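One structure is given below, encoded as structure tokens.
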DNA sequence: CCTGGTTTTTAGTGCATGCTAAATTAGTTT
DNA sequence: AAACTAATTTAGCATGCACTAAAAACCAGG
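Residue numbers (this note's numbering), protein chains in the order written: chain X, 439 to 653; chain F, 439 to 653.
What follows is the structure, given as structure tokens:
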């Protein structure tokens, strides 16, 4: 009885991401993140609380319980394995894999998950540079600094690009700014910053460089 | 407005399969096939009729319209491509691919569908021997005779094995009775029939041989 | 052609998930 | 501390899709 629905999985995943480094999440935050009305979020949170997947007391915000976090990490693992699989084995363009994974993550069986992981060589990172949780529910969480924090003249390796905007991602991909790429910060400009990458020199708008993190 | 839901897709697929070679399908048939109450089926049929996906007049049964058939074939294509992909590229055991595909078929984008088809070399058959509809919605439908119709002494090629029972399928797979396998009918026995396959001789129970078709 | 049995449909419900509008609580400002 | 504002919750309702029970239509045997 009461299996975790796909919608619930989305809530758990969103809460997981929002609560990182914070001590609680508010109703309006998930509502905004998931694009639903605040009342709908309240409703679902109460349902998740009844299932002991989030700890909640009204008007005070909430966090995942261990059980909730376990499910969230499982879904995130699905998501990131699918992204990587689609990119590597089927050549799906990077800016598309996020939205494909968003739908597939809810129907991936443990069996197929395991086989995909094996086919990929048990990877630890998805194509955006995000860590893939292990099947035991462990994830090392590293937070890389934004590209703009790199001092002029310094070199860095792209560690992460945002998965939120397909258009942005496509532009970054075309410029070669993807996880693993080595670049050198040349300096800040009025509307962004100038970097050198693979011998080419380019200016990244503020919007673009905001979505790149380096190591 | 009114996108075709996953549940609707299941109804369309079921109607497609039931109406093969018949001139109409009854409420109780889909209800049985989908494991829902007759009233639920009536309800959904009326909804599909409003969307012009089935032609329906009450108490008289129904059939798919061209638009409905197009969607049904698209889902069947998804299903069979996924089955084949899982079997060939991820090594998922044959008796499992049907149920995996049953969930994934509803979330496969055209993009990923096309890439899977390419990776598989635009196949025309799934691992059970069922034909895969083309992306333009064409499917050649061949109906093969049951194994038991093979005359004693005659040779045949396994063309199709049923996808309905995982347990049966596992047994067939273990015996090597899979699409493409060449076998020779030795004769009927009281409880099934005896065949020779790859030099080995085996007796297939009636239940088993019922789910095998030959060419 | 009527009557009993089967199939189908209608009516009324329940649950998951969403919404808006109204009520409540929290937090901030004077 | 009172009062205003912003966030949250409650109340009431809609839609998709299932169910059961009752009514209606169809079909077959007499």
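Quick reminder that beta carbons are idealized off the backbone N, C-alpha and C, glycines included. Quick caveat: nothing in here was measured; it's all calculated off a predicted structure.
Under the DSSP assignment, residue 506 of chain F falls in the alpha helix (DSSP H) whose first and last residues are 504–528.
The segment 541–560 of chain X and the segment 522–534 of chain F touch, with three or more beta-carbon pairs separated by less than 8 Å.
9 Å or more divides the Cβ of residue 642 of chain F from the Cβ of residue 652 of chain F. In the displayed model, residue 653 of chain X falls within coil according to three-state DSSP, outside both helix and strand.
CA-to-CA, the gap between residue 640 of chain F and residue 596 of chain F works out to about 15 Å. If you check the CB distance, residue 518 of chain F and residue 563 of chain F come in under 9 Å. Going by DSSP, residue 644 of chain X is part of the alpha helix (DSSP H) stretching over 644–648.
In this structure, residue 492 of chain F and residue 442 of chain F do not form a Cβ contact; the two beta carbons are roughly 12 Å apart against a cut-off of 8 Å. One alpha carbon belongs to residue 613 of chain X, the other to residue 605 of chain X, and they sit about 13 Å apart. According to DSSP, residue 623 of chain F shares a beta bridge with F:633. Residue 487 of chain X is not a Cβ neighbour of residue 479 of chain X, given a cutoff of 9 Å. In the three-state DSSP reduction, residue 558 of chain X falls in the coil class, being neither helix nor strand. In summary, residue 498 of chain F is exposed, with fewer than 16 beta-carbon neighbours lying within 10 Å of its beta-carbon over all protein chains present. DSSP places residue 499 of chain F in the coil class of the three-state scheme, outside both helix and strand.
Taking C-alpha positions only, residue 592 of chain X is separated from residue 457 of chain X by approximately 32 Å. Comparing alpha carbon positions, the residue from X:632, X:635, X:489, X:585 closest to residue 447 of chain X is X:489. Here the C-alpha atom of residue 552 of chain F lies approximately 21 Å from the C-alpha atom of residue 608 of chain X. Note on residue 536 of chain X: 16 or more other CB atoms within 10 angstroms of its CB, so buried under the neighbour-count rule.
In the three-state reduction of the DSSP assignment, residue 581 of chain X falls in the coil class, being assigned neither a helical nor a strand state. Exposed is the label assigned to residue 484 of chain X, since fewer than 16 other Cβ atoms lie within 10 Å of its Cβ.
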